[in-house]
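What follows is a short report on a single structure.
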Amino acid sequence: MGYKYLKRGIRIGFSFTLGMMLLLSGCSGEMEEMQTPKIPEDMGSATEVEDVNLVELDSSIVELEEGLFAVRYDGDYGFDGFIAGGGASSDGEVIAYLADNLLSGLNLGDLLGGVFGCSTIAVQSPEGDTLFGRNFDWNTCEAMVVEAHPDNGYASLSTVNMDFITQNVGGGMVGMALSLDEVRTLAALYAPLDGMNEAGLAMSVNMIQDNAAIEQNTDKPDITTTTAIRLLLDRAGSVDEALELLGQYDLHGSMGMMIHFAIADSTGRSVAVEYVENEMIVTETPVLTNFYLAEGEKQGIGTEQSHERYNILMERLEESPEMGMDAVRNVLDSVSKDNFGEFESTEWSIVMNLSAREARYYHRENYEQDYTFRLGE
301 MGYKYLKRGI
311 RIGFSFTLGM
321 MLLLSGCSGE
331 MEEMQTPKIP
341 EDMGSATEVE
351 DVNLVELDSS
361 IVELEEGLFA
371 VRYDGDYGFD
381 GFIAGGGASS
391 DGEVIAYLAD
401 NLLSGLNLGD
411 LLGGVFGCST
421 IAVQSPEGDT
431 LFGRNFDWNT
441 CEAMVVEAHP
451 DNGYASLSTV
461 NMDFITQNVG
471 GGMVGMALSL
481 DEVRTLAALY
491 APLDGMNEAG
501 LAMSVNMIQD
511 NAAIEQNTDK
521 PDITTTTAIR
531 LLLDRAGSVD
541 EALELLGQYD
551 LHGSMGMMIH
561 FAIADSTGRS
571 VAVEYVENEM
581 IVTETPVLTN
591 FYLAEGEKQG
601 IGTEQSHERY
611 NILMERLEES
621 PEMGMDAVRN
631 VLDSVSKDNF
641 GEFESTEWSI
651 VMNLSAREAR
661 YYHRENYEQD
671 YTFRLGE
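The numbering used here numbers the first residue of the sequence shown as 301 and each following residue consecutively.
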């Protein structure tokens with residue numbers, strides 16, 4: 301199934317994407333053997349980025365502060381085999397693959413389950429770097445940053461809500477198994493909610509409150525939300541490559557929920573990918589919140605607050621067509637959940653420098669404290 305392109309009116313020399321609320325995933329299908337991706341030679345940053353609070357990781361999960369963890373995984377985590385073997389068309393099938401192929405046949409129960417929220421922003425800095433920011437809004441949860449270095453794919457950073465992995469699993473052997481760092485890390489690799497890779501691609505998934513569901517059913521392989529993110533982080537080096545890959549799969553929205561993707565790359569291009577009547581539609585846009593941007597009868601459907609955030613961000617964008625990393629952090633702060641008096645909080649915010657391959661994390665709306673990760677260090 302092909303996709304349509306839509307271009308919205310505002311073009312200000314860079315892209316700026318935003319959204320709020322998300323969900324989960326699963327997958328199925330066959331694919332030709334992939335070549336190891338090549339990293340562009342011009343990935344050096346135009347900005348000398350200071351050391352803020354640089355985090356260096358190994359295979360042991362570390363707790364950076366209460367509720368925020370991080371880990372590194374090097375090697376094969378089975379994703380090529382997952383795709384080549386037919387993938388999965390639901391979260392349950394993803395779990396079955398993990399249990400049968402990577403986790404020694406453990407009965408993992410409902411390993412992946414739940415919904416979540418987010419906001420994203422992509423913008424160029426005065427020095428010419430491309431920055432991508434992201435808020436994740438949800439109830440208090442445990443978050444984990446996963447640095448992945450696969451044998452056949454791009455190195456990446458991604459973030460996982462660990463409550464989706466641990467809360468829905470029974471006790472006994474399973475509970476004990478999930479306390480093991482390697483088991484939790486392998487599960488987390490299949491459940492990213494956002495991330496960036498060493499080629500300069502960033503991605504986030506955002507929810508739209510709509511009764512429609514995404515169930516593409518053609519003869520293509522199948523993917524769902526978080527495995528789509530893992531696929532693109534591993535294999536796509538640009539927005540064009542990401543769109544080409546997505547177009548090769550049938551997407552199935554987890555839990556019957558409607559989502560759209562925010563995707564940006566180091567050239568400054570940023571797009572929204574939406575699904576209307578199971579057709580993939582790509583809109584180049586500087587701002588994305590939680591309502592449809594695709595032209596047609598769905599346009600504008602979403603929460604009232606998502607329109608409010610859209611207007612706030614458009615104003616910020618018009619005031620500052622270029623932003624540094626601190627300015628992007630401040631923009632994320634301006635649309636974090638404490639500004640709206642709701643029950644959720646912004647559990648994490650990320651400012652990613654897609655040119656320098658650096659990400660600064662801010663936990664639970666404490667924008668004075670960052671944790672900095674650098675791919676390739």
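Ideal Cβ positions, reconstructed from N, Cα and C, are used throughout, including at glycine.
Item	Value
Beta carbon of PRO492 nearer than 8 Å to that of SER458	yes
Buried versus exposed call for ILE451 [16 or more other C-beta atoms within 10 Å across all chains shown]	Residue identity differs from the one stated: residue 451 is Asp in this sequence, not Ile. Burial call: exposed.
N- and C-terminal bounds of the alpha helix (DSSP H) containing ILE514	Here ILE514 belongs to no alpha helix (DSSP H), and DSSP marks it neither H nor E.
Cβ contact check for the stretch 481 to 489 and the stretch 357 to 372: 3 or more pairs under 8 Å	yes
Coil, strand or helix - GLN424 by DSSP	strand
LEU403 - DSSP class collapsed to helix/strand/coil	coil
CB contact check: THR440 to chain D, cutoff 8 Å	Among the protein chains of the structure shown there is no chain D, as only one such chain exists.
Three-way DSSP call (helix, strand, coil) for ASP451 in this model	coil
Continuous beta strand (DSSP E) stretch holding SER456: start and end	456 to 461
Residue span of the beta strand (DSSP E) that contains LEU551, given as start and end	550 to 552
Integer-rounded CB distance, given that GLY433 should sit under 8 Å from VAL631	7 Å
Coarse secondary structure for VAL582, derived from DSSP in three states	strand
Local conformation of ILE433 per DSSP, three classes	Note that residue 433 is Gly in the sequence shown here, rather than Ile. The answer is strand: DSSP assigns GLY433 an E or B state.
8 Å contact criterion, which VAL635 and LEU613 should meet: CB distance rounded	7 Å
heavy atom of the ligand SAM below 7 Å from GLN516 C-beta	As far as ligands go, the structure on display features none, and thus does not contain the ligand SAM.
Three-state secondary structure (DSSP) of GLY602	strand
Beta-carbon contacts of ARG530 that lie in its chain and below 8 Å, excluding the five residues immediately before and after	PHE379, SER458, LEU489, TYR490, PRO492
Terminal residues of the alpha helix (DSSP H) in which PHE379 lies	379 to 384
Member of VAL371, LEU398, GLU597 whose CA lies at the smallest distance from the CA of GLY381	LEU398
Spatially closest choice to ILE650 from PHE436, VAL573, ASN517, by CA coordinates	PHE436
Opening and closing residue of the beta strand (DSSP E) in which ILE395 lies	Careful: ILE395 lies outside any beta strand (DSSP E), inside the alpha helix (DSSP H) at 391 to 397.
Cβ-based neighbour list, GLU597, same chain, cut-off 6 Å, excluding 5 preceding and 5 following	none
CA-to-CA distance, LEU402 to GLU595, given in whole angstroms	43 Å
Coil, strand or helix - GLY326 by DSSP	Unreliable positioning characterises GLY326 in this predicted model, as indicated by a pLDDT of 27, which lies under 50. The coordinate reading is nonetheless provided below. Note: GLY326 maps to coil in three-state DSSP.
ASN497 classed as buried or exposed, judged by whether at least 16 other C-beta atoms fall within 10 angstroms	buried
Nearest neighbour of TYR377, chosen from PRO621, THR527, ASN590 [CA to CA]	THR527
CA-to-CA distance, GLY367 to PHE561, given in whole angstroms	26 Å
Contact between the stretch 568 to 583 and the stretch 511 to 527 (3+ Cβ pairs under 8 Å)	yes
Backbone CA spacing between ASP550 and ASP534 [nearest angstrom]	18 Å
Straight-line gap, ARG664 to ASP519 (C-alpha atoms, nearest Å)	43 Å
Sheet register partners of GLU365 (DSSP bridge)	LEU368
Chain-order list of residues whose beta-carbon lies under 6 Å from that of ALA536 (same chain, five-residue window excluded)	LEU501, ALA542, LEU545
Chain-order list of residues whose beta-carbon lies under 6 Å from that of SER538 (same chain, five-residue window excluded)	ASP565
CA nearest to the CA of MET580, picked from HIS607, SER390, GLY547, ILE523	GLY547
Beta bridge counterpart(s) of MET503 as assigned by DSSP	GLY495, ILE563
Whether THR485 touches TYR661 by CB criterion (8 Å)	no
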